[in-house]
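Going by UniProt numbering, the letters in the sequence shown line up with residues 1 to 600, in that order.
From the three backbone atoms N, C-alpha and C, an ideal C-beta is built for every residue, glycine too.
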Amino acid sequence: MSLNNKTIETLSVSAVKNSIITSELLEPFISDNDKEPSWDGNVYIYKDKSKKKESLQGRMPVQVKGKESNVLSESEISYSMKIVDLRNYLNDGGCVLFVVYIDNKGESTKIYYNELTPIKLRKILKEKKKKKSKTIHLKEFPNNSNEKATIFLNCLQNCKKQVSFNEQELLNLEDLQKSDVLEEIVIPFSGVGYNDALEALISNENYIYAKIKNSSFLHPIDIIPKNLQTSKVIDIEITINDKFFYKQCNIIKSSEKTILCFGGSFKITLNENGEPYKFNYSNSDKIRILAKDLDFVLRCIDTGYFKVNGNKLPFNFDKEYKNFEKEKQKENLAFAKNVVEVLDMLNCSEDISIKDMEKEDWDNLKYLMIAFFEKKPITGLKEDLPKIGEIKVGKLRFIVYLKQCQEKGTYEIFDYFNIDLSVPFKNYEQSEEVIDISQYIFLNENDFLTLSNIDFNKLLPSFKNSESNEGAFSGGNYFLLELLKAYDKAKGNRKEKLLETCKNFSTWILEAPEEEVEYQVKILNSLQTIKRYRKFSNEEIEKLYSIVENKDSDESCVVGAYLLLDQQLAAEIHFARLNDEEQKIFKEYPIYTFWKNLKE
């Protein structure tokens with residue numbers, strides 16, 4: 001039996017009205033015999049279930065279309081709409097379009113909808129300027145009353161924000177960033193009955209607005225975000241047979257699925273449609289991560305499960321990993337664990353990325369494995385290599401000590417920071433006496449930033465061991481300047497270690513006799529270290545003023561003191577009194593980082 005148009009229209013409107021009326025915050029005024037062009041009525045949105053005039057938030061125009069179909073299982077459909085109707089919706093400030101599928105007996109229906117906001121309508125009309133119709137994609141209208149209210153409330157608020165910009169060109173986010181007028185990005189959203197705001201955000205339609213300097217309005221951006229995801233790191237315990245592996249998990253949620261990410265190689269996908277979870281593993285290209293993650297997956301294979309917060313999750317190896325070569329992966333695991341052990345021996349907390357490795361890098365890694373894991377000499381190298389050498393493995397850089405063996409081209413290799421060396425030094429300008437100096441004296445800014453096996457705890461003790469020798473403090477002072485320059489460029493954990501090392505060196509140098517390090521230099525280097533992590537005390541400020549007020553002070557020291565006092569103009573005046581060579585040298589000092597360009 002086929003339904004006539006009048007029956008389809010009546011059943012469609014009834015289905016929409018019956019669905020909307022169940023919401024405590026919505027009230028439909030829709031006619032099945034409406035002669036108004038382009039619209040069938042309105043849905044009124046209220047703040048509370050009293051539905052009094054005082055609680056009215058607004059109304060959304062609606063259009064209801066019906067179609068006979070015995071296929072009511074689809075979650076999304078397409079429907080052709082006339083361009084003239086779409087343009088009318090735009091001019092009126094937006095509309096909610098409903099399309100109702102009705103079986104040929106008129107007994108079953110399924111409702112689909114689309115929020116036709118001004119921005120969406122503008123994009124649709126822009127695509128089909130010369131066509132008379134446009135295909136609109138609609139999705140299933142929810143059964144939950146709060147979800148229905150959220151759709152209308154959110155659509156109403158976005159339409160109100162967008163309608164006043166109908167005649168204006170939509171803003172482009174990239175252009176806004178370039179023009180330096182963007183203050184912040186806003187995604188406004190109002191949900192009904194959601195306990196989790198992020199859950200509400202990813203489950204509904206959203207629009208992006210820009211807060212612009214000197215404007216009190218939110219300006220719509222010309223993009224409609226799709227498939228929004230939220231990411232949240234939570235504390236978690238993932239174990240196998242009481243062996244602890246992971247303590248954190250990143251939860252990525254979208255409207256369709258939830259993905260749990262842990263380690264560097266694992267994803268568990270939980271689908272909202274109730275399908276079984278999917279466990280995904282791929283070998284990491286990072287050696288440290290590989291050693292841990294591959295150990296985990298091999299144990300999963302042996303036990304057939306793993307635990308999350310004490311709850312057992314089955315692991316079906318035969319189903320999930322048909323192409324997984326277990327014995328080969330065991331070899332990979334053994335190799336990765338051995339590499340990690342060598343990195344730990346070298347005090348290297350960084351990781352090796354397999355993607356960065358060339359043939360020379362693999363050869364160098366082999367040398368390190370032989371020297372430190374197997375504890376054997378390296379053969380087949382060039383003769384008469386320098387005693388202090390550098391070995392690069394990918395992006396890692398190690399400094400080592402080479403001890404030549406009796407057999408030519410054969411060397412024992414030692415970690416330079418784990419061997420005590422005597423470094424004799426003769427100062428021909430002052431005396432013929434040979435003195436021992438720190439083996440680390442030659443390290444510079446770049447070394448502090450890039451050496452992977454550097455042990456910052458070994459540096460100062462090495463200088464202190466030779467402090468009774470002439471030049472130990474002055475050498476330590478220049479060493480401090482290199483440390484400070486490195487600190488200004490460093491990031492993360494290395495920056496923290498550099499700062500602590502700078503503090504220790506600057507404190508030690510204060511003990512230096514003035515014939516080795518002048519008083520003003522000691523004070524300036526101590527205070528420039530302090531300025532990098534806290535404000536000065538009154539006593540420290542007085543020390544700086546004593547330098548600038550002393551007529552006998554070195555001009556470079558006066559410039560430095562004014563910079564630390566944040567008196568840029570005074571610093572520039574005294575800097576101008578230095579000759580060209582002195583200015584060039586001063587600019588190389590780490591204290592120059594406090595120079596501010598007044599013209600900017």
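Applying the 10 Å Cβ sphere with the 16-neighbour rule, what's the burial state of residue i?
i: residue 626; result: In this structure the chain extends from 1 to 600, so residue 626 is not present and cannot be described.
i: Tyr-305; result: exposed
i: Thr-22; result: exposed
i: Tyr-428; result: Legend: pLDDT at Tyr-428 = 48, less than 50; position of this residue unreliable, value from coordinates given subsequently. The residue in question, Tyr-428, is exposed, as its Cβ has fewer than 16 Cβ neighbours within 10 Å.
i: Ala-336; result: buried
i: Ser-164; result: exposed
i: Ile-534; result: The displayed chain sequence assigns Arg, not Ile, to residue 534. With fewer than 16 Cβ atoms within 10 Å of its Cβ, Arg-534 is classed as exposed.
i: Ser-519; result: The sequence shown places Tyr at residue 519, not Ser. Looking at its Cβ environment, which holds fewer than 16 other Cβ atoms inside 10 Å, Tyr-519 is exposed.
i: Ile-585; result: exposed
i: Leu-72; result: exposed
i: Gln-248; result: exposed
i: Thr-529; result: buried
i: Leu-56; result: exposed
i: His-137; result: exposed
By DSSP, does residue i sit in helix, in strand, or in coil?
i: Asn-283; result: coil
i: Lys-253; result: strand
i: Val-16; result: helix
i: Glu-581; result: helix
i: Ala-490; result: coil
i: Asn-482; result: The question names Asn, but residue 482 in the sequence shown is Glu. It is helical.
i: Arg-397; result: strand
i: Asp-447; result: helix
i: Asp-295; result: helix
i: Gln-157; result: helix
i: Asp-361; result: helix
i: Tyr-428; result: With a pLDDT of 48 at Tyr-428, under the threshold of 50, the modelled position of this residue cannot be trusted; read the value that follows with caution. Correct three-state label for Tyr-428: coil.
i: Arg-288; result: helix
i: Phe-262; result: strand
i: Leu-381; result: coil
i: Leu-421; result: coil
i: Lys-588; result: Note that residue 588 corresponds to Glu in the displayed sequence, not to Lys. Three-state result, Glu-588: helix.
i: Pro-220; result: strand
i: Ala-561; result: helix
i: Phe-594; result: helix
i: Val-163; result: helix
i: Asp-436; result: strand
Out of the options, point me to the one whose CA is closest to residue i's CA.
i: Leu-565; options: Phe-575, Ile-585, Phe-217 and Leu-544; result: Leu-544
i: Val-62; options: Lys-110, Asn-114 and Gln-177; result: Asn-114
i: Gly-94; options: Ile-585, Lys-51 and Arg-59; result: Arg-59
i: Glu-482; options: Lys-395, Cys-502, Glu-467 and Asn-465; result: Cys-502
i: Leu-460; options: Leu-365, Lys-307, Phe-479 and Val-559; result: Phe-479
i: Asp-415; options: Asn-338, Tyr-519, Glu-407 and Arg-397; result: Arg-397
i: Tyr-44; options: Ile-441, Ser-14 and Phe-29; result: Phe-29
i: Lys-395; options: Ile-354, Phe-245, Phe-262 and Glu-127; result: Ile-354
i: Lys-286; options: Asp-356, Val-308, Lys-105 and Phe-245; result: Asp-356
i: Asn-227; options: Ser-506, Glu-256, Lys-408 and Ser-216; result: Glu-256
i: Asn-347; options: Leu-270, Glu-549 and Lys-458; result: Lys-458
i: Ser-38; options: Ser-55, Ser-438, Asp-85 and Ile-268; result: Asp-85
i: Glu-539; options: Asn-550, Ile-523, Glu-331 and Lys-551; result: Ile-523
i: Glu-516; options: Ile-437, Thr-529, Leu-569 and Ala-472; result: Ala-472
i: Asn-104; options: Lys-67, Ser-133 and Lys-408; result: Lys-67
i: Asn-70; options: Asp-40, Val-64 and Tyr-101; result: Tyr-101
With respect to the alpha helix (DSSP H) encompassing residue i, which residues constitute its N-terminal and C-terminal limits?
i: Ser-312; result: Before going on, a small fix: residue 312 reads as Lys here, not Ser. Not the alpha helix (DSSP H): Lys-312 falls in the beta strand (DSSP E), residues 311–314.
i: Glu-341; result: 326–345
i: Tyr-89; result: 83–92
i: residue 602; result: Nothing in the structure corresponds to residue 602, since the chain is present only between 1 and 600.
i: Tyr-519; result: 519–531
i: Leu-460; result: 459–464
So the beta strand (DSSP E) residue i belongs to, where does it begin and stop?
i: Ile-30; result: 26–30
i: Val-233; result: 230–240
i: Leu-182; result: 182–186
i: Phe-575; result: That residue, Phe-575, is in no beta strand (DSSP E); its alpha helix (DSSP H) goes 568–575.
i: Val-62; result: 56–68
i: Cys-95; result: 95–102
i: Asp-415; result: 411–415
Do the segment 492–503 and the segment 451–458 touch if we need at least three Cβ pairs shorter than 8 Å?
-> yes
Cβ pair count under 8 Å reaching 3, the segment 147–155 against the segment 215–234 = no
The segment 212–229 contacting the segment 292–299, beta-carbon criterion three pairs below 8 Å = no
Per the contact definition of three or more C-beta pairs closer than 8 Å, is the segment 66–80 in contact with the segment 43–57?
-> no
Are the segment 545–558 and the segment 572–591 touching by the rule of at least three beta carbon pairs closer than 8 Å?
-> yes
With a cut-off of 8 Å, do at least 3 Cβ pairs link the segment 171–187 to the segment 204–220?
-> yes
Counting pairs of beta carbons, one from the segment 356–375 and one from the segment 325–333, are three or more of them closer than 8 Å?
-> no
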